[in-house]
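J.:
In the numbering used here, the protein residues as written are 61 to 965.
Written out as structure tokens, the structure is:
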């Protein structure tokens, strides 16, 4: 053992000797040594003599002596160490009682005040009914400093540990980054290798780097984690209580590093060593120890990885057996820790081993989850649904996927930055809502319920922006629960003040406020008549909002593909798209985007290559017609183009998955007159049906709006080599054509000036560069003179009353492949912020096409948008886009020229 029997005997002898005569300083020193011995593996029998020593010393000194607080704090530590190894509630109760009493003896300014308050917060967080640790207390301890570097490091790592717990629960990467910074600072305080706490600090820094490297897929962070953990292992003597945890963490980190390295001898060797260490860690650990399930889970996953690398099936058998041991130990343990997370691990491993009989795996993945493991539950539900579907158990598949959809909002908590929400959704929700919709239909559910499932799980970020933008959702709450309505309004206002702060006390406050919002939402839904508050609108509501214009939602899933048709006065219809598969859609989107990217690159491809890419575009649009558009239009009774030049009827499209990247209005057969969507209907798009309410209701806002703002950016310091020669001419044309149009001077086009102009205008026209960021859609932006206007910026605006936004820029309606069901781009951001109509582009457009489209659009639109009835203007704007597209098409028949322009509204 790290603490020998003579060492323990010596400590016990010192405790007996000092019990009746020791000074507070002497008793505290021996008690602290006893606590360190327990932490290093000394027998639990040392606890009682330690507590008795402290109690006897406290009885000898005055009740107001400053040592009372320190001695009680040490008693709390003794019971806490015992609780960590036993899990017995009575030990935790005694630890809590001691620290609470200790804190009554301190006040601000006392040397131990911050240390004891931080200790109190951490002890209280261990109670089963406890909420999150108040991080402000831990921050105060760090900021107050401590003359003892050891204590100061403890304060830093206490805060780092709680920030890491926040990250694990929410995937708040800013919390993880702050935790890493604290761990680095704690290491830098004192790098003496003979310090007993040095391995502990190395462990914390190493596991935090490992966590980040694993979750971001970055080898440098993983490598640094391995190096720090190896250094920590080298510092520990055999038998130290830290050793099993260090070996397990080091093995898990090496496993992650080997996975990123890919198959090969080096990775296989690294993984073999990792498994050896993790086996040793598990052998050193009694199944009653709270860490045993975690050690078993990590070893099981490493064994499965090594089985895949070596092809040895016995390793996979060992992996399943190890995970099951961990699960049993967790369920039987005094704290039942990790019982919820081990269910998915067991299910995953069984699914890998028992491919012919997934019953046991499905059962494991179907196990219940508590609130602290909601992100694991989302992934378990997806995996279980996939296994059940492949086994033909469609009812179980539908049940599991519904559970995952219900938990999805936790993957995109508003306590996180927009980018962290994107990361969470890209991990958890790439097809979740679409699969839920498909499985409802597959199990005989109604099209209404299928559509509701889809809307619940998609466009999460847009839905959040809608809720923030307006308090209109609180109107029914004000009638039935005015107190809760006011509480929600105030919480939203407070959240807006800390929305952009990535870390620190303001981020802590954002997390607390978000928890409060969830609690108030729960209380509102408990009020009779408000059960569906903030849920996706029901199909009855959506039908009313849709009005006379059919809304066609195209759902693409591996389980089936359908068009869900929403029309006023009718039940939602489902048109089975039997000629469409997810695989075909994905492959054709890949071909289409590759071809359009090549056609738009500079320098331009040669004639032979251009002809080849143009043919790919035509082939994909023909496939889109035959597989999607023609069956849908036939179901709507639209079998030909209107005669005598009459305006076609209007249809709203709402695509999902890979279809969000294709121009549905351009689907058609190139050599068949009238066999093209643009010939048969006027097309509009809506990213989510939640936006239908805004599109149909008359625009209204708190500010009286007037005029049409024009924003020309012919040159930008951000793109000095790509001037837009026609941007100034385009702006001048809009000013001369649209009543009340006013152009910002080119040298004043700043983000501040644009935001100010947007707040007072009824319309806006941008003539500038646009850039789409497929990996981080919230970073997609319009390029201004010296800065950008991003999707994230726009979604924080309140643009109610803005009738029209024309984005004459590249790729403003391009969603990207990473988060297709979020349909997050500049066009949807303007809609979510309150703009009634938005005109955008699906890909990069040429100057000639953009100029022709702009002239034709405004000529057709006229003054009706600003002078006419909003209901009439809705159809008129869509028709103006349609007419302008047809004019460009007549002059430039290539879809590359006319197909990118779309109307959203």
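Where is the CB? At the ideal position from N, CA and C, for every residue including glycine.
Could you spell out where the alpha helix (DSSP H) holding residue 652 opens and where it closes?
T.: First-last of the alpha helix (DSSP H) with residue 652: 642-660.
J.: Among 358, 330, 331, which one has its Cα closest to the Cα of residue 342?
T.: The shortest C-alpha separation from residue 342 is found at 358.
J.: For residue 772, which of helix, strand or coil comes out of DSSP?
T.: Residue 772: strand per DSSP, three-state reduction.
J.: With distances taken from CA atoms, which of 913, 850, 638 is nearest residue 978?
T.: Residue 978 is absent from the structure shown; the chain starts at 61 and stops at 965.
J.: Whole-angstrom Cβ separation of residue 317 and residue 280, contact assumed at under 8 Å?
T.: That pair is no contact at about 10 Å.
J.: For residue 295, which residues of its own chain have a beta-carbon under 8 Å away from its beta-carbon, when the five flanking residues on both sides are left out?
T.: Taken in chain order, the residues that qualify are 253, 258, 259, 262.
J.: Label residue 535 either buried or exposed according to how many other C-beta atoms from any shown protein chain fall within 10 Å of its C-beta, with 16 as the threshold for buried.
T.: Exposed, because fewer than 16 other Cβ atoms sit within 10 Å of the Cβ of residue 535.
J.: Along the beta strand (DSSP E) that carries residue 823, what are the first and last residues, could you check?
T.: Start and end: 823-827.
J.: Which value, in whole angstroms, describes the spacing of the CA atoms of residue 889 and residue 468?
T.: Cα-Cα distance, rounded: 21 Å.
J.: Less than 8 Å separating the beta-carbons of residue 517 and residue 501?
T.: No, the Cβ-Cβ distance between residue 517 and residue 501 is not below 8 Å.
J.: With burial defined as no fewer than 16 other Cβ atoms inside 10 Å of the residue's Cβ, what is the status of residue 129: buried or exposed?
T.: Under this definition residue 129 is a buried residue.
J.: Which term fits residue 557, buried or exposed, when burial requires 16 or more other beta carbons within 10 angstroms of its beta carbon?
T.: It counts as exposed.
J.: Got a sec? Which residues, its chain only, sit under 8 Å from residue 75 by beta carbon, not counting five neighbours each side?
T.: The residues are 90, 91, 94, 109, 110, 112, 113.
J.: Who are the Cβ neighbours of residue 761 in its own chain at under 8 Å, not counting the five residues just before and after it?
T.: Low per-residue confidence applies at residue 761: pLDDT is 46, beneath 50, and the placement is therefore not dependable, though the value from the model is reported in the following sentence. If we look at residue 761 and ignore the five residues flanking it on each side, its Cβ neighbours are 858, 859, 860, 861, 862, 894.
J.: Grouping DSSP H, G and I as helix and E and B as strand, with all else coil, what is residue 788?
T.: If DSSP states are grouped into helix, strand and coil, residue 788 belongs with the helices.
J.: Is the stretch 808-818 touching the stretch 768-778, taking contact as three or more C-beta pairs under 8 Å?
T.: Touching, per the Cβ criterion.
J.: Between the beta-carbon of residue 721 and the beta-carbon of residue 682, is there less than 8 Å?
T.: Their beta carbons are not under 8 Å apart, which means residue 721 does not touch residue 682 by this criterion.
J.: Which first and last residues belong to the beta strand (DSSP E) in which residue 849 is found?
T.: Taken as a continuous stretch (DSSP letters only), the beta strand (DSSP E) holding residue 849 covers 848-850.
J.: What did DSSP end up calling residue 94 once you bin it into helix, strand or coil?
T.: Of the three classes helix, strand and coil, the one that applies to residue 94 here is helix, per DSSP.
J.: Which partner residues of residue 745 appear in the DSSP bridge assignment?
T.: Paired residue(s): 713, 964.
J.: Quick one: what does DSSP say residue 212 is sitting in, helix, strand or coil?
T.: Helix at residue 212.
J.: In chain order, which beta strand (DSSP E) runs of at least 3 residues are fully inside the stretch 829-888?
T.: Here the runs fully enclosed are 829-831, 841-843, 848-850, 864-868.
J.: Which residues in the same chain have their Cβ closer than 7 Å to the Cβ of residue 283, if we skip the five residues on either side of it in sequence?
T.: The residues are 317.
J.: Using a Cβ-Cβ cut-off of 7 Å (strictly less than) and excluding sequence neighbours within five positions of residue 485, which residues of its own chain qualify?
T.: Excluding sequence neighbours, residue 485 sits near 471, 472, 520, 879, 882.
J.: Give me the residue from 565, 584, 560 with the minimum Cα distance to residue 549.
T.: Ranking the options by Cα distance to residue 549, first place goes to 584.
J.: With three or more C-beta pairs closer than 8 Å as the rule, is the stretch 571-580 touching the stretch 592-609?
T.: Result no; under three Cβ-Cβ pairs closer than 8 Å.
J.: If I follow the unbroken beta strand (DSSP E) through residue 621, where does it start and stop?
T.: Taken as a continuous stretch (DSSP letters only), the beta strand (DSSP E) holding residue 621 covers 621-626.
J.: Give the secondary structure of residue 64 by DSSP, where H, G and I count as helix, E and B as strand, and everything else as coil.
T.: Note: residue 64 maps to coil in three-state DSSP.
J.: Would you mind reading off the limits of the alpha helix (DSSP H) that contains residue 540?
T.: Unbroken alpha helix (DSSP H) run through residue 540: 535-540.
J.: Rounded to the nearest angstrom, how far is the Cβ of residue 268 from that of residue 239, given a contact under 8 Å?
T.: About 5 Å separates the two Cβ atoms, so the contact holds.
J.: Residues in its own chain within less than 7 Å of residue 167 by CB, not counting five upstream and five downstream?
T.: Closer than 7 Å at Cβ, skipping near neighbours: 173.
J.: In terms of residue numbering, what span does the alpha helix (DSSP H) encompassing residue 816 cover?
T.: Run containing residue 816: 811-820, per the alpha helix (DSSP H) assignment.
J.: Near residue 420, which residues of its chain fall below 7 Å by C-beta distance, leaving aside the five closest residues on each side in sequence?
T.: Counting only Cβ-Cβ distances below 7 Å, and skipping sequence neighbours, we find 410, 414.
J.: Applying the 10 Å Cβ sphere with the 16-neighbour rule, what's the burial state of residue 668?
T.: It is exposed - the Cβ of residue 668 has fewer than 16 other Cβ atoms within 10 Å.
J.: Assuming residue 349 and residue 79 form a contact by the criterion Cβ under 8 Å, report the distance between their Cβ atoms to the nearest whole angstrom.
T.: Not confirmed; about 31 Å, so no contact.
J.: Please identify the residue among 356, 286, 298, 306 whose C-alpha is closest to the C-alpha of residue 330.
T.: Of 356, 286, 298, 306, the residue nearest in Cα terms is 286.
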